[in-house]
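Undergrad:
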Amino acid sequence: MPKIRNCSRCLLPETQETITYDKEGVCNVCKQAEYKKEKIDWVAREKELRNLIEGYRGKYDYDCIIPYSGGKDSTYTLYKLVADYKVKPLVVSFDHGFFRPNVMENTKRTMKKLGVDYHLFTPNWKVVKKLMLEALKRKGDFCWHCHTGVFAYPMHVAIKFNVPLVFWGEPSAEYTSYYNYEEVEEVDEKRFNRFVNLGITAEDMVGMVEGVTMRELKPFSYPPLKDLRAIRYRSVCLGSYIPWDPKKNSEIIRRELGWKGDIVEGIPPEYDYEKVECMFQGVRDYLKYIKRGFGRTAHLMSLDLRNKRIATEKARELIAKYDGKRPASLDVFLEYLGISEEEFMEIALSHVVAPHRHDASKVKRGEPLPDMGRWDRTK
Amino acid sequence: MLKVRLIPSLLLREGRCVKGVRFGSFRDTGNPVTAAKIYDAQGADELLFLDITASTQKRSILFNIVARTAEECFMPLCVGGGIRTTEDIRKLLLVGADKVSINTAALEKPAFINEAAEIFGNQCIVVSIDARKRSDGAYEVFSHCGTKATGKNPVEWAEEAVAQGAGEILITSINMEGTRKGYDLELVRAVAGAVEVPVIASGGVGTLQDLVDGIRKGHASAVSAASIFHFTDQSVIKARTFMREAGLDVRSVETR
Amino acid sequence: MIGIIDYGMGNLRSVAKAFELLGAEVLISGNSEELVVAEKLVLPGVGAFGDGMENLRKRGLVDFLDKEVNRNGKMILGICLGMQLLAERGFERGENRGLGWIGGEVRKFSVDGQGLKVPHVGWNEVRFGRDDPLFRGIRNGSCFYFVHSYHMACRDRADVLATCNYGHDFTAAVRKKNIMGTQFHPEKSQDAGLRILENYLNMGVP
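Chains as they are written, first to last, in the working numbering: chain A, 1401 to 1779; chain B, 180 to 435; chain C, 12 to 217.
1. Since C:Glu116 sits in a beta bridge, which residues does DSSP pair it with?
2. Pull up the CB-CB distance for C:Val57 and B:Gly300, whole angstroms please, since I reckon it's below 8 Å.
3. What did DSSP end up calling B:Met422 once you bin it into helix, strand or coil?
4. With a threshold of 9 Å between beta carbons, is A:Asn1593 in contact with chain B?
5. Can a CB atom of chain C be found closer than 9 Å to the CB of B:Ser239?
6. Can you list, in chain order, the residues of its chain with a C-beta nearer than 6 Å to that of C:Phe5? Leave out the 5 residues immediately preceding and following it.
7. Quickly, what does DSSP pair C:Glu136 with across the bridge? List them, please.
8. Measure the C-alpha to C-alpha separation of A:Pro1571 and A:Ile1466 and round it to an integer number of angstroms.
9. For C:Ala59 and C:Met163, which I take to be in contact (beta-carbon distance under 8 Å), what is that distance rounded to the nearest angstrom?
10. Locate the beta strand (DSSP E) running through B:Glu294, then write down its first and last residues.
11. Name, please, each residue of chain B whose Cβ falls closer than 7 Å to the Cβ of A:Lys1403.
12. For B:Ser400, go through chain C and note every residue whose CB falls closer than 9 Å to its CB, in chain order.
13. From the DSSP output, which residues share a beta bridge with A:Trp1775?
14. For my contact list, C:His179 and C:His159 are in at a C-beta cut-off of 8 Å; report their separation, rounded to the angstrom.
15. Could you tell me which chain C residues have their CB closer than 8 Å to the CB of B:Leu273, listed as they occur along the chain?
16. Unbroken alpha helix (DSSP H) runs of length 4 or more, entirely within the segment 382-431 of chain B: which are they?
17. Quick one: which chain B residues come within Cβ less than 9 Å of C:Leu205?
18. Starting from B:Ile244, find everything on chain A with Cβ-Cβ shorter than 7 Å and list it in chain order.
19. Could you please tell me which residues of the segment 404-421 of chain B, in chain order, have their CB closer than 7 Å to any CB of chain A?
20. Applying a beta-carbon distance threshold of less than 7 Å, which residues of chain B neighbour A:Glu1574?
21. I'd like to know whether the C-beta of B:Cys196 is nearer than 9 Å to at least one C-beta of chain A.
22. Would you grab the beta carbon distance between A:Arg1500 and A:Asp1672 for me? Rounded to a whole angstrom, and I think it's under 8 Å.
23. Per DSSP, what are the beta-bridge partners of B:Arg195 in this structure?
24. Where does B:Thr434 sit, in a helix, a strand or coil, going by DSSP?
25. DSSP three-state label for A:Val1753, please.
26. Considering only the beta carbon of each residue, do A:Leu1481 and A:Ile1453 sit closer than 9 Å?
27. Between A:Glu1767, A:Lys1779, A:Asp1731, A:Tyr1622, which has its C-alpha nearest B:Thr213's C-alpha?
28. Using the beta-carbon count (16 or more within 10 Å), is A:Arg1765 buried or exposed?
29. Do you know how far the Cα of B:Phe205 is from the Cα of C:Gly21?
30. Go through its chain and collect everything with a Cβ distance to B:Ile407's Cβ below 7 Å, but skip five positions before and after it.
31. Residues in its own chain within less than 6 Å of C:Asn189 by CB, not counting five upstream and five downstream?
32. Please state the DSSP three-state secondary structure of A:Lys1660.
33. Closer than 8 Å by beta-carbon distance: list the chain B residues that pair up with A:Ala1754, in chain order.
34. Along the beta strand (DSSP E) that carries B:Asp207, what are the first and last residues, could you check?
35. Residues of chain B with CB under 7 Å from A:Lys1539, in chain order?
36. 9 Å is my cut-off, CB to CB: does C:His196 come that close to chain E?
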């Protein structure tokens, strides 16, 4: 097995996107976290946030749009803006097709408790399936429709409903180095093209997939800049203005909204606040493990190590125990797309990132999730 | 100091991006204007558009694409494919191209290079050379999209092109193109060592290490790639990060 | 209103589109009667020094610009060849007179023996010696896109706003009151370049 370099602090391997290491072997994401803690004037940022909100308050049918998935980050964003800043939001959810029963219950409860207008959009499932398979083949990532829909669809809503201010949750600088903490991250088309859409636009998909036109792909395409400029849009992350702490945030929403976590494939059970909203989280992580040699547990450990919440040895132990599972949900996934596990593996292996090499002997079989029996199996 | 350049290349056919292997079996790889926007957002140093549309009557599509790209991407654009007259060049520069790449037209009449360089400046004129390695190990230049043997040696032809006024040379290995097995480093190095103008390596990139090798071992000033960005999970950002980590002097990845 | 001077030398669309994206009203013209309404001027250009001056003269723009810039104090931004034409003299294909508004001459890069290729093509770091509104918000040492074989050697150091290095330090940007120029192409330098154009747009605006 080739020797893979890891960050001396958070253990993230060199196969992670955008990672670089300094002379002491500390990665750039850790460096960013240092900056976040030490160099940002959070008082000034919070003041900026208040000014920003006041600039839009009461001027439109809604003070802002809050894109929402039901996970801990968007739930916290919604809660914080409504409870502490008293905004009247339009909550917008893009349904990727794989919401788990628990998260749907969380959402219903949250909307009722907070008293807000909720807009849910579910794209054409037949189109989604085609997009999933094409993205899987081209990039080894079947979530293209979700990445693009989640970030583009709310912008269409902003234009249609004339609500220019859009608040996202955590900035990407929390986990990657496409952006850093020095500036407020603008969640715009440039960012969309930089890394959200995996380098594929809806206009690309039109020529690559059979039987779809731009009409079918509109929800996945970023609206024209001139339309956004016409409404004087501003699309930012709440996490650029207040320091983000996922563990603390989840405690708050549990307490205030009765938000419930869930068991997720391939991570230690105590992290039940992580990525609870998607049925195929396990398949996604499995692909990452095949391609890059690490999974969600390694990602979670990197966060805890960075925040000094866990000892390195314990982190390594958990990574060895929980990463690298062949998830039970893969069976449902293969059923939906009508491909065999051999075909799936062939595609996955074609996307392995050097110098990592996939070792199938290290893969263990994962247990089915308790709610798997309640998932809709319509193909 | 002058940075090493990473130049994604986009093959165009009838208004769509396509990609093939060894100049054949093409697949649709997307919309050229949005692809350009992605490369721009990721901070590519330059873009290379090569039009392989068979019919020259469809030229207006190319002009349209270049114009729309220039409207939204404020980065250097080099456009090539079927350029035969100075009028073709003038039209392309007018709609937004910064440089043009000429291939077959230059082979048929080397003085054309000089004519174009005189009018537009030699920094606008890139001569593109497609070369095939023969079974005896020698290299031969091919024209007409890699279909016609010319009997010329790529190094000699590159020298002649530069003498005529070419501002840059784009060297493509027909054997390696689309295979994702790496550049033909011997070919790149031979050409880069022979001329005083910048040389852009093209054809065969499969891993990020290939890009580094193109500079370090091939001695190119710039590296071009296509398949790796269309058919793998790699991106321009990841490529630049990798090249940087390898010690190459590339532009930094930060947004400012 | 930004007036982009069309004297038949190279691509004006990119410069125009960049300013439009930044919200400016743009006029492209080679006609002095039309250009007179512009609040600020831009002199772009790609090509040879001699041809550039010849084309300006043919369109009667030399006197017009001299009046607008030197007597009326209008701001002007020269880009690439446009910046070089601000000099007294250029040596591309024989000696030619320039506009002569900034002391200096335009010479070919002589980087023989250093293994450097000419033309200077690609992205290179620009360092500014002093704070100037033209470079506001731009990190010192940011990269911009260059494509040229000739560079401007200024007589007076005070006119040199920024430098770049290619074998030796050379002038990357000039400024003498209302007369500015960049050797690099801001309209081809992505975010950093757009910032320069935005700064130019906002100059002198209260």
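C-beta atoms are modelled at their ideal positions from N, C-alpha and C, and glycine is treated no differently.
TA: Put simply:
1. Along the third sequence, read from residue 1 onward, the residue named residue 116 of chain C stands at position 105. Per DSSP, C:Arg100, C:Ala164.
2. Taking the third sequence and counting its residues from 1, one reaches residue 57 of chain C at position 46. Taking the second sequence and counting its residues from 1, one reaches residue 300 of chain B at position 121. At roughly 6 Å, the Cβ-Cβ gap stays under 8 Å, so C:Val57 and B:Gly300 are in contact.
3. For the purposes of this step, residue 422 of chain B is identified with residue 243 of the second sequence, where counting begins at 1. Assignment of B:Met422 by DSSP, reduced to helix, strand and coil, places it in the helix class.
4. Residue numbering aside, residue 1593 of chain A sits at position 193 when the first sequence is read from its first letter. Yes - at least one Cβ of chain B is within 9 Å of the one on A:Asn1593.
5. As a first step, residue 239 of chain B is located in the second sequence; it is residue number 60 there, counting from the start. Chain C, which has no Cβ nearer than 9 Å to the Cβ of B:Ser239, makes this no.
6. Given that chain C is displayed from residue 12 to residue 217, the structure contains no residue 5 of chain C and the question cannot be resolved.
7. Translated into the one-based positions of the third sequence, residue 136 of chain C becomes position 125. According to DSSP, which records beta bridges pairwise, C:Glu136 is partnered with C:Cys154.
8. Mapped onto the first sequence, residue 1571 of chain A falls at position 171. Mapped onto the first sequence, residue 1466 of chain A falls at position 66. The alpha-carbon atoms of A:Pro1571 and A:Ile1466 are separated by roughly 14 Å.
9. On the third sequence, position 48 is the one that residue 59 of chain C refers to. On the third sequence, position 152 is the one that residue 163 of chain C refers to. Between C:Met163 and C:Ala59 the Cβ distance is about 15 Å, and since that is not below 8 Å, they are no contact.
10. For the purposes of this step, residue 294 of chain B is identified with residue 115 of the second sequence, where counting begins at 1. Residue range 290-299 is occupied by the alpha helix (DSSP H) that includes B:Glu294, with no beta strand (DSSP E) assigned at that position.
11. Your numbering for residue 1403 of chain A matches position 3 in the first sequence. Those do not exist, as A:Lys1403 stays about 15 Å from chain B at its closest Cβ, beyond 7 Å.
12. Sequence index remark: in the second sequence, residue 400 of chain B carries index 221 (1-based). Identification of chain C residues near B:Ser400 by a Cβ-Cβ cut-off of 9 Å yields Lys128, Val132, Gly133, ordered along the chain.
13. Position 375 of the first sequence, counted from the first residue, corresponds to residue 1775 of chain A. Here A:Trp1775 is not bridged, per DSSP, to any residue.
14. Position 168 of the third sequence, counting from 1, holds the residue named residue 179 of chain C. Position 148 of the third sequence, counting from 1, holds the residue named residue 159 of chain C. Taking 8 Å as the upper bound for CB-CB distance, C:His179 and C:His159 are not in contact here, some 15 Å apart.
15. As a first step, residue 273 of chain B must be located in the second sequence, where it is residue number 94. Near B:Leu273 (Cβ distances below 8 Å), the residues of chain C are Asn22, Arg24.
16. DSSP runs (the alpha helix (DSSP H)) wholly in the segment 382-431 of chain B: 387-395, 406-410, 415-424.
17. In the third sequence, residue 205 of chain C corresponds to position 194, counting from 1. The answer, in chain order, is Phe253.
18. By 1-based counting over the second sequence, the position of residue 244 of chain B is 65. Residues of chain A whose Cβ lies closer than 7 Å to the Cβ of B:Ile244 do not exist, since the nearest Cβ in that chain is about 12 Å away.
19. Within the segment 404-421 of chain B, the residues whose Cβ lies closer than 7 Å to some Cβ of chain A are Phe408, Phe410, Thr411, Asp412, Ser414, Ile416, Lys417, Thr420, listed in chain order.
20. Here residue 1574 of chain A refers to the residue found at position 174 of the first sequence. Under the 7 Å cutoff, chain B gives no residues; its nearest Cβ is about 16 Å from A:Glu1574.
21. As a working note, residue 196 of chain B is residue 17 in the second sequence. At least one C-beta of chain A is nearer than 9 Å to the C-beta of B:Cys196.
22. Walking along the first sequence from the start, residue 1500 of chain A turns up at place 100. Walking along the first sequence from the start, residue 1672 of chain A turns up at place 272. With a Cβ gap of about 12 Å, A:Arg1500 and A:Asp1672 do not count as contacting.
23. As a position in the second sequence, residue 195 of chain B is number 16, starting the count at 1. Answer is B:Arg192, bridged to B:Arg195.
24. As a first step, residue 434 of chain B must be located in the second sequence, where it is residue number 255. Low confidence applies here, because B:Thr434 scores a pLDDT of 48, under 50, leaving its location unreliable; read the following figure in that light. The answer is coil: DSSP assigns B:Thr434 none of H, G, I, E or B.
25. By one-based count along the first sequence, residue 1753 of chain A stands at place 353. A:Val1753 falls in the coil class under three-state DSSP.
26. What you label residue 1481 of chain A is simply residue 81 of the first sequence in a count that begins at 1. What you label residue 1453 of chain A is simply residue 53 of the first sequence in a count that begins at 1. A:Ile1453 sits close to A:Leu1481, with the two beta carbons spaced by under 9 Å.
27. In the second sequence, residue 213 of chain B corresponds to position 34, counting from 1. Selection A:Glu1767, A:Lys1779, A:Asp1731, A:Tyr1622 evaluated against B:Thr213 yields A:Tyr1622 as nearest (Cα-Cα).
28. Residue mapping note: residue 1765 of chain A aligns to position 365 of the first sequence, counting from 1. Exposed: under 16 other Cβ atoms inside 10 Å.
29. Counting from one through the third sequence, the residue named residue 21 of chain C turns up at place 10. Counting from one through the second sequence, the residue named residue 205 of chain B turns up at place 26. Approximately 34 Å between the Cα atoms of the pair.
30. Mapped onto the second sequence, residue 407 of chain B falls at position 228. Cβ within range, chain order: Arg359, Val384, Gly385, Gln413.
31. Residue mapping note: residue 189 of chain C aligns to position 178 of the third sequence, counting from 1. Closer than 6 Å at the Cβ level, and outside the excluded window around C:Asn189, lie Gly84, Met86.
32. For this step, residue 1660 of chain A is matched to residue 260 along the first sequence. Coil at A:Lys1660, not helix or strand.
33. By one-based count along the first sequence, residue 1754 of chain A stands at place 354. Residues of chain B passing the Cβ test: Thr386, Leu387, Gln388.
34. Reading the second sequence from its first residue, position 28 is the one you call residue 207 of chain B. Run containing B:Asp207: 203-209, per the beta strand (DSSP E) assignment.
35. Numbered from 1 along the first sequence, position 139 holds the residue referred to as residue 1539 of chain A. Result: Asp412.
36. The structure shown contains no chain E; its protein chains are A, B and C.
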